[in-house]
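Visitor: Let me begin by handing over the structure; questions about it come next.
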Amino acid sequence: MRKVFLVRHAEAEREKKGDMQDIDRSLTDRGKSDSLSMAKIVKPFIDGPAIILSSGAKRARQTARKFKKAIGEIEMIENGELYTGSSETIAAAIATTDDKYSSVMIVGHNPAIEEFMAAVRCTARMATSSVACFKVDCENWKELDLNKFKLEFLLKPSLLRKTK
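Just so you know, we're using my numbering here: the sequence shown kicks off at 1 and counts up by one.
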């Protein structure tokens, strides 16, 4: 059994007209806090060797680094295709992952994250910093079958803020 974690990047600053490009937007203070909180909760659910595949956008890389910091021993690779990609891009990124990793974490953007969720029969909305964890019944990543994804849990940072 393998695991796939889908993470929508944390809250980012608004794009200012002519001031910065979308790809360069940074996390807000709340985004930094939310992503670290979510990472600490997710850490015990990561099985075996794991890798983070992050979009090349600054806000996604910052989110991925928060997860790497909290989780510890996890490799992180930037995948530029995840920035403007689709659900198919996410599936391809997972399917081409080295089989030495039993857990893969994708840090990306909507609409691709929610499109991928729909492709695996999960219609949940993914707010910023949300994490969906799926168990996947496959021996290796190349034989990835979207019909074999089973949602293990879905976490949203708004639920954490309500409990504080």
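We put the CB at the ideal spot given by N, CA and C, even for glycine.
Within 10 angstroms of the Cβ of residue 73, are there 16 or more other Cβ atoms? Answer buried if so, exposed if not.
Guide: Its Cβ having fewer than 16 others within 10 Å, residue 73 is exposed.
Visitor: Pull up the distance between the alpha-carbon of residue 37 and that of residue 153, whole angstroms please.
Guide: Whole-angstrom Cα-Cα distance: 16 Å.
Visitor: Between which residues of its own chain and residue 24 is the CB-CB distance below 6 Å, once the five residues before and five after are set aside?
Guide: Once the five neighbours on either side are set aside, the close Cβ partners of residue 24 are 58.
Visitor: Tell me whether residue 159 is buried or exposed, calling it buried when 16 or more other Cβ atoms sit within 10 Å of its Cβ.
Guide: Exposed, because fewer than 16 other Cβ atoms sit within 10 Å of the Cβ of residue 159.
Visitor: Mind checking whether residue 70 and residue 108 have CB atoms under 9 Å apart?
Guide: In this structure, residue 108 does not lie closer than 9 Å to residue 70 by Cβ.
Visitor: Which term fits residue 77, buried or exposed, when burial requires 16 or more other beta carbons within 10 angstroms of its beta carbon?
Guide: Its Cβ having fewer than 16 others within 10 Å, residue 77 is exposed.
Visitor: Please state the DSSP three-state secondary structure of residue 43.
Guide: Correct three-state label for residue 43: helix.
Visitor: Can you give the Cα-Cα distance for residue 43 and residue 99, rounded to whole angstroms?
Guide: The straight-line gap from Cα to Cα measures roughly 20 Å.
Visitor: If we count Cβ pairs, one from each stretch, closer than 8 Å, do we get three or more for the segment 8 to 16 versus the segment 139 to 149?
Guide: No, because fewer than three Cβ pairs between the segment 8 to 16 and the segment 139 to 149 fall closer than 8 Å, the two stretches do not touch.
Visitor: Measure the beta-carbon distance from residue 32 to residue 3 and round it to whole angstroms, keeping in mind my assumption that it falls under 8 Å.
Guide: At roughly 25 Å, the Cβ-Cβ gap does not stay under 8 Å, so residue 32 and residue 3 are not in contact.
Visitor: Give me whichever residues DSSP pairs with residue 153 in a beta bridge.
Guide: Answer is 133.
Visitor: By the DSSP assignment, the beta strand (DSSP E) with residue 26 in it spans what residues?
Guide: Element bounds for residue 26: n/a, residue is neither H nor E.
Visitor: Can you tell me which of 54, 145, 62 puts its alpha carbon nearest to the alpha carbon of residue 113?
Guide: Minimum Cα distance to residue 113 is reached at 54.
Visitor: Kindly list the residues whose CB is nearer than 6 Å to the CB of residue 93, restricted to its own chain and excluding five residues on each side of it in sequence; keep chain order.
Guide: 53, 79, listed in sequence order.
Visitor: Residue range of the beta strand (DSSP E) that residue 50 falls in?
Guide: From DSSP, the beta strand (DSSP E) with residue 50 extends over 50 to 54.
Visitor: Can you check whether the CB of residue 155 is closer than 9 Å to the CB of residue 120?
Guide: Taking 9 Å as the Cβ cut-off, residue 120 and residue 155 do not qualify as a contacting pair.
Visitor: Measure the alpha-carbon distance for residue 123 versus residue 29 and round it to whole angstroms.
Guide: Cα to Cα, residue 123 sits roughly 29 Å from residue 29.
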